[in-house]
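First comes the structure, then the notes that go with it.
Chains as they are written, first to last, in our numbering: chain A, 118 to 252; chain B, 118 to 252.
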């Protein structure tokens, strides 16, 4: 069964944004910079899902442009599935608009693709096979 | 430890929006109309969290106004906490901007309050003590 893997939230400053979650008893377990996306990320487990704070390293990065256009807020929702190839074929067969037609491989072998917000209730939806982290 | 309880997603049509999630193997387990909020809701469990689709019953309802202003998309994120009174006091002490200063009681005794997006990384953040559903 699919489950919510993580919520990506675009913020101006991880140092600032993390304070709210920490005040509620949550903790950042990993911070890293994803060079090819020019973004710094902080991972905050909450139940069996995770909050992923996203801070751009340059204004012209994807998250930097998102912030300039829309301001801080939810950037994407990631659903974990057991069979990402089947999910991709199902969505293609339904005519869903995808950000790319292929499955991408991220850090640590994490497999993913993105469904365009116009096909997912206004939400940029990541479908991933491996959880973003084992934490 | 706090956990993600649900993600509220504002949509024009639950009938349309649910199809994507159903095609991925998820299921709507409850639909109901919350009269005082003038909203229809559909609850979709995904892991230990839930996706809550929100369809306004009138354009001048809170979710109807959200749709008119921002279009479909994430409306709020709800974090479940073990002690909502302590969470409220903690956030007040930090000077967080709240939608209301008091804890509200929803359907089935569900306790909640909302943190304004300006204090939560651009996300309307619901803090709740009881999960929105036992499903």
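In this text, a Cβ means the ideal position worked out from N, Cα and C, and glycines have one as well.
These numbers were taken from a predicted model, which means no experiment stands behind them.
1) Taking the C-alpha atoms as reference points, what is the distance between residue 188/A and residue 209/A?
2) Distance check for residue 161/B and residue 145/B, CA to CA, integer angstroms please.
3) Less than 8 Å between the C-beta atoms of residue 120/A and residue 163/B, yes or no?
4) Tell me whether the segment 223-236 of chain A and the segment 203-217 of chain B touch, counting them as touching only if at least three CB pairs, one residue from each stretch, are closer than 8 Å.
5) Thinking residue 131/B and residue 169/B are a contact (beta carbons under 8 Å), I'd like their distance in whole angstroms, please.
6) Report, in whole angstroms, the separation of the C-beta atoms of residue 244/A and residue 194/A, which I expect to be a contact under 8 Å.
7) Starting from the N-terminal side, write out each stretch of the beta strand (DSSP E) that is 3 residues or longer and does not extend beyond the segment 186-246 of chain A.
8) Is residue 155/A helix, strand or coil by DSSP?
9) 8 Å is my cut-off, CB to CB: does residue 172/B come that close to chain A?
10) Name the chain B residues that come within less than 9 Å of residue 213/A, Cβ to Cβ?
11) Checking 8 Å against the spacing of the C-beta atoms, do residue 134/B and residue 190/A come in under that value?
12) The alpha helix (DSSP H) with residue 132/A in it runs from where to where?
13) Roughly how many angstroms lie between the CA atoms of residue 192/A and residue 126/B, to the nearest whole one?
14) Residue 230/B and residue 196/B look like a contact to me (Cβ under 8 Å); what is the Cβ gap, rounded to whole Å?
15) Report yes if the C-beta distance between residue 167/A and residue 233/A is below 8 Å; otherwise report no.
16) Near residue 147/A, what residues of its chain come up, given a Cβ to Cβ distance below 6 Å and the 5 sequence neighbours on each side ignored?
17) Roughly how many whole angstroms lie between the Cα atoms of residue 203/B and residue 137/B?
18) Using a Cβ-Cβ distance under 8 Å, would residue 240/B count as near chain A?
19) Considering only residues of the same chain and omitting the five flanking positions on each side of residue 184/B, which have a CB-CB separation below 6 Å?
20) Quick one: grab the DSSP three-state call for residue 162/A.
21) With the cut-off set at 8 Å, would you say residue 101/B and residue 198/A are in Cβ contact?
22) Near residue 118/A, which residues of its chain fall below 7 Å by C-beta distance, leaving aside the five closest residues on each side in sequence?
23) Just curious, the beta strand (DSSP E) that residue 124/B is in, first and last residue?
24) Taking only three categories from DSSP, how would you classify residue 184/A?
25) Is the shortest distance between the beta-carbon of residue 124/B and the beta-carbons of chain A less than 8 Å?
26) Taking 8 Å as the cut-off, decide whether the C-beta atoms of residue 157/B and residue 175/B are in contact.
27) With a cut-off of 8 Å on the beta carbons, I'd call residue 247/A and residue 165/B a contact; round off their distance for me.
28) Taking the straight line between their C-alpha atoms, what separation do you get for residue 177/A and residue 129/A?
Let's see:
1) Residue 188/A and residue 209/A have their C-alpha atoms spaced approximately 31 Å apart.
2) In a straight line, the C-alpha of residue 145/B is about 5 Å away from that of residue 161/B.
3) Residue 163/B sits close to residue 120/A, with the two beta carbons spaced by under 8 Å.
4) Contact between the segment 223-236 of chain A and the segment 203-217 of chain B is absent, with fewer than three C-beta pairs closer than 8 Å.
5) At roughly 10 Å, the Cβ-Cβ gap does not stay under 8 Å, so residue 131/B and residue 169/B are not in contact.
6) Wrong, their Cβ atoms sit about 10 Å apart, outside the cutoff.
7) DSSP runs (the beta strand (DSSP E)) wholly in the segment 186-246 of chain A: 190-197, 228-232 and 242-245.
8) Coil.
9) The C-beta of residue 172/B comes no closer than 8 Å to any C-beta of chain A.
10) In chain order: 137 and 140.
11) No, they are not a contact pair.
12) First-last of the alpha helix (DSSP H) with residue 132/A: 131-140.
13) Here the C-alpha atom of residue 192/A lies approximately 13 Å from the C-alpha atom of residue 126/B.
14) Cβ atoms of residue 230/B and residue 196/B stay farther apart than 8 Å, at about 11 Å.
15) With a cutoff of 8 Å on beta-carbon distance, residue 167/A and residue 233/A are scored as not near each other.
16) 160, listed in sequence order.
17) Taking the straight line from one Cα to the other gives about 38 Å.
18) By this cut-off, residue 240/B is an interface position.
19) Closer than 6 Å at Cβ, skipping near neighbours: 127.
20) Strand.
21) The structure shown has nothing for residue 101/B, since chain B only spans 118 to 252.
22) Excluding residues within five positions, none has a Cβ falling inside 7 Å.
23) For residue 124/B, the enclosing beta strand (DSSP E) covers residues 120-127.
24) Residue state for residue 184/A is assigned as helix, using DSSP reduced to three classes.
25) With a threshold of 8 Å between beta carbons, residue 124/B makes contact with chain A.
26) With a cutoff of 8 Å on beta-carbon distance, residue 157/B and residue 175/B are scored as not near each other.
27) The pair is not a contact, with the Cβ atoms about 18 Å apart (cut-off 8 Å).
28) Near 13 Å, if we compare the C-alpha coordinates of residue 129/A and residue 177/A.
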